[in-house]
Structure formats: C-alpha cells, structure tokens
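Each residue of the sequence shown is one higher than the last, beginning at 139 in the working numbering.
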Amino acid sequence: MEIRVTRDTMSDIYFDALRIRNQVFVKEQGVPYELEVGNALEEASSVHFVLYDDGLAKGTVRLLADLDEKKALIQRMAILKEARGHGYATLLINRLIEFAKESKLNKLELHAQLSAKGLYSKHGFNEVGQIFEEAGIQHIQMERTDFGN
C-alpha cells in the first residue's frame, strides 16, 4: 500500500484522482461534474494524494494550501465504494497531517459531509460553525490546529 502525491495535473496520479472523484461524487452522490472539477486554477494549485493498494487506486484527497497563511483546506476526500471499510481514509488523513507538519502549517480546515464528521473527529478535527449545504449535501466546517510545529 502506498500514497502517491502530485501537483501535476497531467500525471497518471492526478487522472486516478479524477476517476475516483467522478465515481464517488458525480455518479454516487449526484454532484454536478462542473462543481466537482470546475475550477482549473484550484486543481492546478492543489496537492493531490492518491492511495494505491496492490497497484490499484482506491482513494484520493486534495489539499489546497496557503503557505503564506500557514494553512490548508482539505478537499475531495473520496474512497471507492468497494474499498470502504479498509482504513484507507485514515491512512490518507494521517498522510495529510504528516504533510501539514512537514510544511509547517498551523491549521488544516475542511468541509466534512455530516456522514464523515466522526472520522475527522477521531483524528483531532473540531467542528467550527453551523451545518451548511454544499452541492446539495449537508456539511460542517472542521479544523485542526495542533501540529507541534
């Protein structure tokens, strides 16, 4: 099992991330494709993480970092339906936390779907603000600030 990281939107890693996101968000959850991959600048500015098991892409997440502000926004966490329940999301979150420490970030933020709130809470993320709707799905903003930098 390995997690590959890229900023290259022409790489196979990035295309694997898009394939997973299309399957989970567009096909499974009904998010319009234009909302899912509509901002080319955000795509190109993000760090894309893809988890592979036996050479097959199983999950992905992207990180949109603001290094001047020493914070980053976790976005597009997706695990293929048939790959859920194997701890892949935890491995990706742990890699994001490691990346935050390496990059000397002070804060990781995210908009968690309510169904995933518990997963992020287990990893030290706290709720901030009220429940809101994004792409027709209820979310809650969460953040983590304790990286020991």
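All C-beta atoms in this analysis are idealised placements derived from N, C-alpha and C, irrespective of residue type, glycine included.
Short Cβ contact (8 Å threshold) for residue i with residue j
i	j	result
E281	K245	yes
L257	I278	no
G193	A221	no
A195	I158	yes
E180	T147	no
L201	L234	yes
K209	E240	no
Status (buried if at least 16 other CB within 10 Å, exposed otherwise) for residue i
i	result
S184	buried
K242	exposed
I212	buried
I269	exposed
L173	exposed
A250	buried
Y171	exposed
A178	exposed
Neighbourhood of residue i by C-beta distance below 8 Å, restricted to the same chain and skipping five residues each side
i	result
G168	G274
D284	G262
G267	I278 and Q279
Sequence-distant residues of the same chain with beta carbon closer than 6 Å to residue i, five excluded per side
i	result
G155	According to the sequence as given, residue 155 is Ala; it is not Gly. Within the same chain, A155 has close Cβ partners H186, V188 and T198.
I151	R142, T144 and V188
A292	Past the edges of the chain, shown from 139 to 287, lies residue 292, and the structure says nothing about it.
E265	I278 and M280
ask   = Taking three-plus beta-carbon pairs below 8 Å as touching, is the region 186-203 in contact with the region 222-231?
value = With contact defined as three or more Cβ pairs closer than 8 Å, the region 186-203 and the region 222-231 are in contact.
task = May I have a chain-ordered list of the beta strand (DSSP E) segments no shorter than 3 residues that lie completely inside the region 166-197?
result = At a cut-off of 3 residues, the continuous stretches assigned as beta strand (DSSP E) that sit fully inside the region 166-197 are 185-191.
ask   = Would the region 202-219 and the region 156-171 be scored as touching if the rule is three or more Cβ pairs under 8 Å?
value = The region 202-219 is in contact with the region 156-171.
inquiry  = I'd like the ranges of any alpha helix (DSSP H) spanning at least 4 consecutive residues and lying wholly in the region 189-264.
reply    = List check, alpha helix (DSSP H) in window: 226-240 and 255-260.
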